[in-house]
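Novice:
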Amino acid sequence: MLKHYHPLNITSYSFRKSMTEYDPRLVAPTCLFLASKAEESTVQTKVLVFYSKKMYNEEKYEKYRYEVKDILEMEMKILEALDYYLVVFHPYRTLAQLLQDAGINDINMTQLSWGIVNDTYKMDLILVHPPHLIALACIYIACVSKEKDITSWFEELRVDMNVVKNISMEILDFYENHTMIPEQRISAALSKLSLKP
Numbered sequence: 005m006l007k008h009y010h011p012l013n014i015t016s017y018s019f020r021k022s023m024t025e026y027d028p029r030l031v032a033p034t035c036l037f038l039a040s041k042a043e044e045s046t047v048q049t050k051v052l053v054f055y056s057k058k059m060y061n062e063e064k065y066e067k068y069r070y071e072v073k074d075i076l077e078m079e080m081k082i083l084e085a086l087d088y089y090l091v092v093f094h095p096y097r098t099l100a101q102l103l104q105d106a107g108i109n110d111i112n113m114t115q116l117s118w119g120i121v122n123d124t125y126k127m128d129l130i131l132v133h134p135p136h137l138i139a140l141a142c143i144y145i146a147c148v149s150k151e152k153d154i155t156s157w158f159e160e161l162r163v164d165m166n167v168v169k170n171i172s173m174e175i176l177d178f179y180e181n182h183t184m185i186p187e188q189r190i191s192a193a194l195s196k197l198s199l200k201p
């Protein structure tokens with residue numbers, strides 16, 4: 005049977021205290037720093053500060069005034085506002101379980117589904133929907149694109165297919181909009197990312 009995990013969604017993962025009183029130029033890199041720690045892919049604060057300063061100087065904004073100590077202080081405020089809750093459930097484990105349950109042993113289907121899950125991290129789906137529904141939507145898209153009929157399996161799950169289809173549409177809308185980004189913007193963004201601190 006399908007396990008239900010609690011999503012990291014806005015309603016259950018909300019701030020106890022509003023962050024609107026703080027400068028978003030400090031909150032954003034602090035959230036990135038905190039998220040990198042929570043996912044065990046730590047980014048050093050000095051690197052965040054370096055790139056924040058570089059970005060603001062290149063874009064001719066007012067000078068970036070925050071330092072490492074400011075990010076570390078804001079980290080504590082954000083942790084307190086989140087009530088120290090940093091557990092995030094990802095769709096990958098559920099995806100593997102669901103593919104096995106559906107009897108999908110085709111490596112191409114597995115890779116396609118996995119790739120679609122990877123792409124969902126470029127969206128806010130993980131903040132809005134439970135991971136098992138994201139995994140189901142990715143399997144649904146993969147099955148439709150490969151013309152594999154697993155309708156009876158979906159019916160056995162007793163999930164709301166309208167929700168699965170809506171999530172699928174969000175993913176497909178992302179793909180449609182993502183392909184409309186001009187190559188020049190992508191190249192410019194990639195060249196900025198290759199700069200060394």
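Its first residue numbered 5, the sequence shown is counted upward by one per residue in the numbering used here. Just so it is clear, CB atoms sit at the ideal spot from N, CA and C, and this is done for glycine as well.
1. Applying the 10 Å Cβ sphere with the 16-neighbour rule, what's the burial state of I190?
2. Just the Cα atoms here: how many angstroms apart are I108 and I138?
3. Scan the segment 126-192 and note each continuous beta strand (DSSP E) run of 3 residues or more that stays entirely inside, going in chain order.
4. Alpha carbon to alpha carbon, what distance is there between L90 and V53?
5. Got a sec, what are the start and stop residues for the alpha helix (DSSP H) G107 sits in?
6. Cβ of T98 within 7 Å of Cβ of H133?
7. Answer yes if the segment 150-159 comes into contact with the segment 174-184, meaning at least three C-beta pairs across the two stretches below 8 Å, and no otherwise.
8. Between the C-alpha atoms of Y17 and L131, what's the straight-line distance to the nearest angstrom?
9. Any beta carbon of chain C sitting closer than 7 Å to that of Q104?
10. Can you give the beta carbon distance from I145 to I120, rounded, assuming they're within the 8 Å contact cut?
11. With a threshold of 16 other CB atoms inside 10 Å of the CB of P28, please say whether the residue is buried or exposed.
12. DSSP on R29, reduced to helix/strand/coil?
13. By alpha-carbon positions, which one of L116, M165 and D128 ends up nearest to C147?
14. How is L38 classed by DSSP in three states: helix, strand or coil?
15. How big is the Cα-Cα spacing for M23 and P33?
16. I'd like the span of the alpha helix (DSSP H) that includes L52, first residue to last.
17. Within 10 Å of its beta-carbon, does A192 have 16 or more other beta-carbons around it, so buried, or fewer, so exposed?
18. On the DSSP letters alone, give me the boundaries of the alpha helix (DSSP H) that V72 sits inside.
19. Going along the chain, which residues of its own chain have a beta-carbon closer than 7 Å to the beta-carbon of C35, five neighbours each way excluded?
20. Looking at Y68: is its Cβ nearer than 7 Å to the Cβ of Y60?
21. Sorted by chain position, which residues of the same chain lie with C-beta nearer than 8 Å to L102's C-beta, five sequence neighbours on each side aside?
Specialist: Straight from the coordinates:
1. exposed
2. 17 Å
3. none
4. 23 Å
5. That residue, G107, is in no alpha helix (DSSP H); it is neither H nor E in DSSP.
6. no
7. no
8. The pLDDT assigned to Y17 is 45, lower than 50, so where the model puts this residue is not dependable; a value taken from the coordinates is nonetheless given after this. In a straight line, the C-alpha of Y17 is about 8 Å away from that of L131.
9. Annotation note: the requested chain C is absent from the structure, which comprises a single protein chain.
10. 6 Å
11. exposed
12. helix
13. L116
14. helix
15. 13 Å
16. T49 to E62
17. exposed
18. V72 to A85
19. I82
20. yes
21. L6, H136, A139, L140 and I143
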